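Structure first, then comments.
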Amino acid sequence: MTAAVGLPLARSAHTLSRTATQHSLLLLPASTGLQRRLLSTTSSSSSPSPSPSPSPSQQRAQPLTPAARVRRVQQEVSLPSSSSRWLSSTAAPDVQAEAGPVASAAPTPTWHPTSRRVGLITRKIGMTSFFLSTGQHIPATVLQVMSNQISAHVSPPTGAYTAMQVAAFDVHSKRGITEPIKGHLLKAGIHTPKRVIREFRCTPDAFLPLGTQLSAVHFVPGQHVDVRAITRGKGFNGAMKRHGFHGLRASHGVSISHRSHGSTGQHQDPGRVFPGKKMAGRMGGTAHRTVQNARVLRVDSRDELLFVQGQVPGPEGGTVYVSDAKRALVGKAAGAFGAGKLRNGQLALGNEPSSEYLPEAVDDLPFPAGTKQMAALMPEVVELGPVKRVAAAATTA
């Protein structure tokens, strides 16, 4: 009774094995003769018919099972491992590889004493004065950030140095922009033409994607910046005002030439005035001047305004370039770090945070830059005083 029950189970298992083999063979390309050969081999053994008892010679040569036939043909044709998997009637199902550990998010970049950030292009609005929360009355110059966007990267081997190109001042007239400049900006994804384009030296870790919009929160109240602009034109002036000459004597034979610059030429040889001789002429309006170590007093992200202590070169409406102070901020931090010391002169242990190399009024700087996305997470107005730590909100953007 036990054998009668076991026989159907054995037949059904044999049938399932044969069906799986035929199904796997159908997955091979139909143009190969191997598929037709194997299908005919497996179909010939589909239903075993009752046969007379084999002779002793036939008992010595037992017929091969379907799986054995498959293995023999597989060895004859020597299929690659990727294809031989489909020929095995007992092939194990595909096992998915174990999922590896999820890649952790990229760490938020932070400012380093050797880092150098990009600058901003602003417009001079004018001068004002206001009281700090401490009661101190300070004059300041108002600068407005004019839609700054990253337009290009400069780096070796195509460039001799590492820098980023910033485009600013939207142009709404076709006459205000040339086609080459328009095409250059389109490569960076900037569809609004810009009037002013300038490069700022920076380190590779401060690079930003092309088209990134910069904001006034790029600078922090309490930090020092360098402002550079073309000076205001002062018209025609004499040598005393223009070049600081002392002039001639007030008496003892001097008449009507008290503010003269004196002789300008040479002797008979060479008999001419050398080019570049300091003389009276038009003063200002043609040269760039830089005011170093100007302190940022207030940042207004709503109107994109920067309040810088003191005066700034250039007329109202002029273009002003603002960057981190080369001496008071970048140079001092890099020099202290290279010497193995902190900003206050103490020896560094190597595990100090980057804020130890910044001025006392600044905890950190937005890095790699202050963008529009950062400005949305910060207060609209932040000024020097009790509220002077703004980098914490900027770095979480």
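Sequential numbering from 1 applies to the sequence shown in the UniProt record's numbering.
Built from N, CA and C at the ideal position, the CB exists for glycine as well.
This one's a predicted model, so the numbers in the text were calculated from it and none came from an experiment.
- F169 sits in a strand when the DSSP states are folded into three classes.
- Taking the CA atoms as reference points, F245 sits about 53 Å from L349.
- Contiguous alpha helix (DSSP H) elements confined to the region 154–204 occur at 179–187, taking only those with 4 or more residues.
- Residue range K372 to A376 is occupied by the alpha helix (DSSP H) that includes A376, with no beta strand (DSSP E) assigned at that position.
- Cβ-Cβ distances below 6 Å link P315 to R232 in the same chain, with the five nearest sequence neighbours on each side left out; the list follows chain order.
- Per the Cβ contact rule, the region 275–295 is not in contact with the region 109–117 (fewer than 3 Cβ pairs under 8 Å).
- Beta-bridge partners of R123 (DSSP): Q144 and T319.
- Distance from the CA atom of R175 to the CA atom of P193, rounded to whole angstroms, is 11 Å.
- When only Cα atoms are considered, S355 and T141 end up about 27 Å apart.
- The beta carbons of L248 and S263 sit about 11 Å from each other, so the pair does not count as a contact at 8 Å.
- DSSP, reduced to helix, strand and coil, places H258 outside both helices and strands of the structure shown, so it counts as coil.
- Around the beta carbon of H218, a 10 Å sphere encloses 16 or more other beta carbons of the protein chains shown; the residue is thus reported as buried.
- Bounds of the alpha helix (DSSP H) holding F337 are K332 to G338.
- In the pairwise beta carbon analysis, the region 324–342 is classified as touching the region 215–229: at least three pairs are separated by under 8 Å.
- If you draw a 10 Å sphere on the C-beta of V254, you find fewer than 16 other C-beta atoms in it, and that means exposed.
- Beta-bridge partners assigned by DSSP to D226: S323.
- Taking 8 Å as the cut-off, the beta carbon of Y321 is found closer than this to the beta carbon of R228.
- DSSP lists G235 as the beta-bridge partner residues of M283.
- DSSP lists P139 as the beta-bridge partner residues of S129.
- Nearest in C-alpha terms to P359, of all of G338, G340 and K332, is K332.
- Pairing C202 with M146 gives a Cβ-Cβ distance that is not under 8 Å.
- Just so you know, the alpha carbons of T371 and M378 end up roughly 11 Å apart.
- For H288, DSSP records a beta bridge to I230.
- In the structure shown, H267 adopts extended strand secondary structure according to DSSP, grouped into three states.
- In the three-state DSSP reduction, A216 falls in the helix class (H, G or I).
- At the C-beta level, L384 and R289 stay beyond 8 Å of one another.
- For L306, the enclosing beta strand (DSSP E) stretches over residues L305 to Q309.
- Only residues of its own chain outside the window of five on either side were considered, and among them S354, D364, L365 and F367 have a CB closer than 7 Å to the CB of W111, listed in chain order.
- The straight-line gap separating the alpha-carbon atoms of R302 and T122 is approximately 15 Å.
- When DSSP reads this structure, Q149 sits in a beta bridge with A167 and Q213.
- For E383, the uninterrupted beta strand (DSSP E) run begins and ends at V381 to E383, by DSSP.
- The C-alpha of I150 lies about 12 Å from the C-alpha of V196.
- Distances from the alpha-carbon of T108 to those of D205, H267, F200 and F337 put D205 closest.
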